[in-house]
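J.:
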Amino acid sequence: MHKVQFRQMKDGTKEEYEFLEKHESEYAAGLPDRILTALRNLENTLSGYQVSRLEHSLQTATRAEADGADEEMVLAALIHDIGDDLSPYNHSQLAASIIRPYVRPEVTWIINQHGLFQNYYYIHFFGGNPNERDYLKDHPWYQKCVEFCEKWDQASFDPDYPTKPLEYFEPLVRKIFSRPAFSKQYVGSQTMGKSSIDIAMSGVSA
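Numbering (the working numbering), first residue to last: 1 to 206.
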């Protein structure tokens with residue numbers, strides 16, 4: 001079989017879906033390479049800062065590692081702006097969706113909310129409320145997201161900071177994005193359906 005015969009999914013057979021599942025599994029195995037390519041592409045995205053988006057991402061991850069963050073959080077720091085190209089107005093949610101099947105819910109929640117929390121530093125210049133994030137103040141991961149932004153994200157626009165290259169982080173990218181998706185070993189009891197992480201990502205305390 002080279003292609004399935006059905007033209008509507010409801011007409012597919014067990015054999016056809018097994019065939020497609022094999023192709024999907026093989027394609028999914030290439031995710032680390034696609035993540036690394038997407039990160040490299042950040043070198044030529046949003047301009048105007050003293051560092052490129054890639055350098056900002058690398059610097060954020062470097063700072064996280066230097067502060068003793070665990071592997072999942074370092075990876076999250078590395079990919080937190082990976083959605084800038086395709087999702088400039090909700091890049092946080094895109095990055096969170098990418099990382100969600102491979103890390104604990106806390107990490108996903110922080111990445112999902114970091115855009116809102118970053119508003120604290122500049123949104124008042126445009127008439128916005130820098131404290132809008134405070135509606136989440138009772139969430140158990142609120143303070144960790146504050147610290148993610150204060151110590152790593154908003155601080156990582158320094159062209160003189162000794163930032164590690166992407167090659168340094170490549171083994172970590174391959175390690176975590178090669179995990180079995182939604183494995184309870186890494187993400188706990190969350191599933192692909194409605195779960196505690198869906199609730200947490202909506203801003204309601206899990």
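Just so it is clear, CB atoms sit at the ideal spot from N, CA and C, and this is done for glycine as well.
Computed from a predicted model, the values in this text were never measured in an experiment.
For Lys-184 and Phe-19, I'd like the C-alpha separation in whole angstroms.
T.: As a working note, residue 184 is residue 184 in the sequence shown. As a working note, residue 19 is residue 19 in the sequence shown. Roughly 26 Å between the two C-alpha positions.
J.: How big is the Cα-Cα spacing for Met-192 and Pro-101?
T.: Residue numbering aside, residue 192 sits at position 192 when the sequence shown is read from its first letter. Residue numbering aside, residue 101 sits at position 101 when the sequence shown is read from its first letter. Unreliable placement is indicated for Met-192, whose pLDDT of 42 sits below 50; the coordinate value is still reported in the next sentence. Looking at the two C-alpha atoms, the distance is approximately 8 Å.
J.: Considering only residues of the stretch 14 to 69, which uninterrupted alpha helix (DSSP H) runs meet the minimum length of 4 residues and lie entirely inside it, listed in chain order?
T.: Listed in chain order, the complete alpha helix (DSSP H) runs (minimum 4 residues) inside the stretch 14 to 69 are 14 to 28, 31 to 41 and 53 to 66.
J.: Using a 10 Å radius around the Cβ and a threshold of 16 neighbouring Cβ atoms, would you call Gln-5 buried or exposed?
T.: Within the sequence shown, residue 5 is the residue found at index 5, counting from 1. Under this definition Gln-5 is an exposed residue.
J.: Using 8 Å as the Cβ pair cut-off and three pairs as the minimum, do the stretch 126 to 140 and the stretch 49 to 68 touch?
T.: No: fewer than three Cβ pairs fall under 8 Å.
J.: So Ile-82 packs on Ala-29, CB below 8 Å; how close in whole Å?
T.: Within the sequence shown, residue 82 is the residue found at index 82, counting from 1. Within the sequence shown, residue 29 is the residue found at index 29, counting from 1. No, Ile-82 and Ala-29 are not in contact; Cβ-Cβ is about 19 Å, not under 8 Å.
J.: Cβ of Ile-79 within 8 Å of any heavy atom in the ligand PLP?
T.: With respect to the ligand PLP, the structure shown offers nothing to examine, as it has no ligands at all.
J.: Inspect the beta-carbon positions of Val-208 and Leu-36 and report whether they are closer than 9 Å.
T.: Because the chain spans 1 through 206 in this model, residue 208 falls outside it and cannot be assessed.
J.: In or out: Gln-8 buried (at least 16 other Cβ within 10 Å) or exposed?
T.: Indexing the sequence shown from 1 puts residue 8 at position 8. Answer is exposed; the Cβ neighbour count stays below 16.
J.: Skipping 5 residues on each side, what residues in its chain have a beta carbon closer than 7 Å to that of Ala-155?
T.: Walking along the sequence shown from the start, residue 155 turns up at place 155. Cβ within range, chain order: Arg-63.
J.: Using CA atoms only, rank isn't needed, just tell me which of Ala-95, Pro-171 and Pro-180 is closest to Glu-26.
T.: Sequence index remark: in the sequence shown, residue 26 carries index 26 (1-based). The shortest Cα separation from Glu-26 among Ala-95, Pro-171 and Pro-180 belongs to Pro-180.
J.: Using CA atoms only, rank isn't needed, just tell me which of Ser-189, Val-187, Phe-157 and Gly-188 is closest to Ala-61.
T.: Taking the first residue of the sequence shown as 1, we reach residue 61 at position 61. Comparing Cα-Cα distances from Ala-61 to each of Ser-189, Val-187, Phe-157 and Gly-188, the minimum goes to Phe-157.
J.: Quick check on the burial criterion: 16 or more other C-beta atoms within 10 angstroms. Buried or exposed for Met-1?
T.: Residue 1 sits at position 1 when you count from the first residue of the sequence shown. Exposed, because fewer than 16 other Cβ atoms sit within 10 Å of the Cβ of Met-1.
J.: Just to confirm my understanding: we take Glu-212, look at its own chain, exclude 5 residues before and 5 after, and list those with CB closer than 8 Å. What are they?
T.: Since the first residue of the chain shown is 1 and the last is 206, residue 212 is not available in this structure.
J.: Could one say the Cβ of Gly-127 lies closer than 9 Å to chain D's Cβ atoms, at least one of them?
T.: Looking at the structure shown, chain D is missing, and only one protein chain is on hand.
J.: Measure from the alpha carbon of Phe-177 to the alpha carbon of each residue in Arg-34, Lys-14 and Ala-69, then state which is nearest.
T.: In the sequence shown, the residue the question calls residue 177 occupies position 177. Among Arg-34, Lys-14 and Ala-69, the Cα nearest to that of Phe-177 is on Arg-34.
J.: Lys-144 and Ile-110: beta carbons closer than 9 Å?
T.: Here residue 144 refers to the residue found at position 144 when the sequence shown is read from its first residue. Here residue 110 refers to the residue found at position 110 when the sequence shown is read from its first residue. Cβ atoms of Lys-144 and Ile-110: closer than 9 Å.
J.: According to DSSP, is Asp-84 part of a helix, a strand, or is it coil?
T.: Counted from its first residue, the sequence shown places residue 84 at position 84. Coil, per DSSP.
J.: Can you tell me whether Asn-90 is buried or exposed, with buried defined as 16 or more other CB within 10 angstroms of its CB?
T.: As a first step, residue 90 is located in the sequence shown; it is residue number 90 there, counting from the start. Asn-90 is exposed by the Cβ-count criterion.
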